[in-house]
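Student: What follows is a structure written as structure tokens; I'll ask about it next.
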Amino acid sequence: MSIQLHFETVGACSARCLFCMYDSAENRILPKRPMPMPLFKKIIDEAVTIPQINEVAFAGLAEPLMDPMLIERIAYTSAARPDWRLEMYTNGFALTPEKFEAIKAAGLDVLVISLNAVSAEQHALIMGVKGKYDLVCSHIDYAIAHKGTMAHIDTRAVVTGDTFTVADGFTFLRRWGVTHLGGYGKLITERNWAGEIRTTAPFDPNSCCKRALEQISVHRDGRCNLCCYDALSKYSFGDLKTQTIREIYNSPAYVAFRQMHFENRAAEHPLCKVCTRV
Numbered sequence: 000m001s002i003q004l005h006f007e008t009v010g011a012c013s014a015r016c017l018f019c020m021y022d023s024a025e026n027r028i029l030p031k032r033p034m035p036m037p038l039f040k041k042i043i044d045e046a047v048t049i050p051q052i053n054e055v056a057f058a059g060l061a062e063p064l065m066d067p068m069l070i071e072r073i074a075y076t077s078a079a080r081p082d083w084r085l086e087m088y089t090n091g092f093a094l095t096p097e098k099f100e101a102i103k104a105a106g107l108d109v110l111v112i113s114l115n116a117v118s119a120e121q122h123a124l125i126m127g128v129k130g131k132y133d134l135v136c137s138h139i140d141y142a143i144a145h146k147g148t149m150a151h152i153d154t155r156a157v158v159t160g161d162t163f164t165v166a167d168g169f170t171f172l173r174r175w176g177v178t179h180l181g182g183y184g185k186l187i188t189e190r191n192w193a194g195e196i197r198t199t200a201p202f203d204p205n206s207c208c209k210r211a212l213e214q215i216s217v218h219r220d221g222r223c224n225l226c227c228y229d230a231l232s233k234y235s236f237g238d239l240k241t242q243t244i245r246e247i248y249n250s251p252a253y254v255a256f257r258q259m260h261f262e263n264r265a266a267e268h269p270l271c272k273v274c275t276r277v
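Residues in the sequence shown are numbered from 0 upward in steps of one, following numbering that gives the first Met the number 0.
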């Protein structure tokens, strides 16, 4: 069994994507300050003693590159367990060549950039910020050309059906290639952030979600939530400021939650029954 330790280390984002709940009224009032470094190191120091954890991701509801301690966090994590796979998800606005070289040198293995557009106008509409499309494309091109020994650079777009169509998807993949064919482009379908935004496609509310079984999600304040779709930590299993990963992961509530998914009874949980999954 393999588990991803998924961090949201900061609460701020530089985009306002149409398909994201970042700009929701509930999230708008939450503090955006970064996770304290001593807490982050405490979590990593325990995680290295758990063999099932083999991957660490920097993502969440916010933009990791807005975390002033990001490079230090990546370097600390990489040094703690060099065999871990380290991923980061970004909108690419601040992914300058200098920043890319810094995160690469710190030990990042996989970089995922959410471009979500095939034109400047579309990018401004979907991402909520004007004048960034050409900049982000140049950042992606630089990263691809200079990735060196990094495992992968992944450029993504969310197919919404209206603001980004299937036809746009073909244009996108012609530009960036297809990941499983040696390229750098990948399309994903729109998700509903566990019912927080619109639901555009049918789904089985009882089906097992791999994130329930394969991810430990850590909010920037130290709470362990259901997954990254529980972005506001409405259903916290515990607090890593005062508890260990093992204590939280083996708690009755967390064990029962994973059992629901393993047995395809996920709709018994109020969040999962309205979530489109990954």
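Note that beta-carbon positions come from the ideal geometry of N, C-alpha and C, so glycine has one too.
A quick note: this is a predicted structure, and the numbers were derived from the prediction, not measured.
Give the straight-line distance between the Cα atoms of residue 74 and residue 147, rounded to the nearest whole angstrom.
Tutor: When rounded, the distance between both Cα atoms is 17 Å.
Student: Work out the CA separation of residue 18 and residue 121 for me, nearest whole Å.
Tutor: Taking the straight line from one Cα to the other gives about 13 Å.
Student: Ignore the nearest five residues each way along the sequence and tell me which others in residue 135's own chain have a CB closer than 8 Å to its CB.
Tutor: The answer, listed in chain order, is 90, 91, 92, 94, 112, 114, 122.
Student: Output the residue ranges of the alpha helix (DSSP H) runs that lie fully inside the segment 228–265 and measure 4 residues or longer, sorted by chain position.
Tutor: List check, alpha helix (DSSP H) in window: 244–248, 251–261.
Student: Roughly how far, in whole angstroms, is the beta-carbon of residue 191 from the beta-carbon of residue 275, given that I think they are within contact range, below 8 Å?
Tutor: So it is a contact: roughly 5 Å between Cβ atoms.
Student: State the Cα-Cα distance for the pair residue 230 and residue 12, rounded to the nearest angstrom.
Tutor: Taking the straight line from one Cα to the other gives about 13 Å.
Student: Check the DSSP bridge columns for residue 57 and list the partner residues they point to.
Tutor: In the DSSP output, where bridge partners are listed per residue, residue 57 has 6, 87.
Student: Taking contact to mean at least 3 C-beta pairs separated by less than 8 Å, is the segment 51–67 in contact with the segment 259–272?
Tutor: These segments do not touch.
Student: Quick check: the Cα distance between residue 213 and residue 248, rounded to an integer number of angstroms?
Tutor: Computed Cα separation, rounded: 12 Å.
Student: Given that a residue counts as buried once 16 or more other Cβ atoms are within 10 Å of its Cβ, and exposed if not, what is residue 305?
Tutor: Since the first residue shown for the chain is 0 and the last is 277, residue 305 is missing from the structure and cannot be characterised.
Student: Going residue by residue through the segment 63–131, where are the continuous beta strand (DSSP E) segments of at least 3 residues, counting only ones entirely within it?
Tutor: Taking only runs of at least 3 residues, the beta strand (DSSP E) segments lying wholly in the segment 63–131 are 84–89, 109–113.
Student: Closest to residue 172 by CA distance: which of 185, 162, 179, 181 is it?
Tutor: The shortest Cα separation from residue 172 among 185, 162, 179, 181 belongs to 185.
Student: Since residue 220 is in the beta strand (DSSP E), which residue starts that stretch and which ends it?
Tutor: Segment: none, residue 220 is in no beta strand (DSSP E) and carries neither H nor E.
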